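The sequence shown begins at 2 in my numbering and counts up by one.
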Amino acid sequence: MTDASPLDTWQLSDTEVFSKYGDAFVPRRAEQTAAVCDLLADVPVPHVLDLCCGEGRLSEEYLRRHAAARVTVLDRSAEMLAMTSERLAPFGDRFDLVRADIEDRAWRTGVTYGGVMTSLAVHHLDGEGKRLLYRDVHAMLAPGGVFVMADLVEPTGVRARALAADHWDASVRRASEEQFGGDEAAVTFEKTEWNYYRLPGPDPVDKPSSVTEHLDWLREAGFVEVDLVWMYAGHALFTAKRKAN
Ligand SMILES: C[S@@+](CC[C@H](N)C(=O)[O-])C[C@H]1O[C@@H](n2cnc3c(N)ncnc32)[C@H](O)[C@@H]1O
């Protein structure tokens, strides 16, 4: 049984729900975080942008692994940036914060990164927004720079969609037992209708694209070594590289 009453759940904002249950809601989150950082191990400049950083989990792991590296964390939520700032405080001055909307283009000019990483955010952009983002990220990277993206993707058939929904539910149920000793996270996942693949129709906020579209758009943006390196429960991890000179 869950300790959280339905009333508690309804009173939480999406940010609070994600902050409390993110480790259970994101399938194999630790594995994804490790893979993102593995893919950024050899970037040409030890400065990485964490796009839509949330609480700064990716940045924390990246900075922990690379003592000489720094990150720039970007999010539109002041609340999330404050949480990231607190989390990254042990790394001293090795990070800076940018408050911006992912759709804006001002943050995309005037700076060069060795890597750009992002998790669970690009699906807020529509197809054209993603294509433009990939072109701009490619231009922001130093030669040999690496882009890594973890995100929801859109299945192209009903059976694949049903499987993504089932796998995500099962993953959250397992994690709920492991992390909360019961169904607390699983009940909240269901009550908040977090499983995108269970939604009956198009969603105005979440606009995932298919694996093929992402791969095509990344190549079209000029990236090389474009790959899908991991996928489970509708969550995919892509990597792409700006050609070295
Ligand atoms: C689901 S959380 C993921 C956070 C983090 N990347 C992670 O994987 O733990 C999505 C994040 O994207 C941010 N976000 C959502 N829409 C955004 C937008 N249009 N521009 C900038 N940030 C946005 C939210 O504030 C939140 O921090």
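Yeah, the Cβ is synthetic: ideal placement off N, Cα and C, and Gly gets one too. This one's a predicted model, so the numbers in the text were calculated from it and none came from an experiment.
- Item | Contact test: MET81 Cβ vs ligand 3 heavy atom, cutoff 7 Å | What this structure holds is ligand 1, not ligand 3.
- Under 8 Å by Cβ, that's how I've got ALA165 and PRO156 pegged, so tell me the actual separation to the nearest angstrom. 5 Å
- By a C-beta neighbour count over all protein chains shown, 10 Å radius and 16 as the cutoff for buried, is GLU226 buried or exposed? exposed
- Query: Which runs of the beta strand (DSSP E) spanning at least 3 residues fall entirely within the segment 40-125, listed in chain order?
  - Reply: With a minimum length of 3 residues, the continuous beta strand (DSSP E) runs that stay inside the segment 40-125 are 48-52, 71-76, 96-100, 114-120.
- Just curious, the beta strand (DSSP E) that ALA245 is in, first and last residue? Where ALA245 is concerned, there is no enclosing beta strand (DSSP E), given that its DSSP letter is neither H nor E.
- To the nearest angstrom, report how far apart ASP102 and THR85 are at their CA atoms. 16 Å
- Task: Classify ALA151 as helix, strand or coil using the three-state DSSP reduction.
- Result: strand
- Query: Using a threshold of 7 Å, is the CB atom of GLU61 nearer than that to any non-hydrogen atom of ligand 1?
  - Reply: Because no heavy atom of ligand 1 lies under 7 Å away, the Cβ of GLU61 does not count as near it: no.
- Can you tell which of PRO201, HIS236, GLU185 has its C-alpha closest to the C-alpha of PRO209? HIS236
- Message: So, under 8 Å CB-CB, GLY55 and ASP24 are touching, yes? Tell me the CB distance rounded to an integer number of Å.
- Response: Not a contact, Cβ separation roughly 12 Å.
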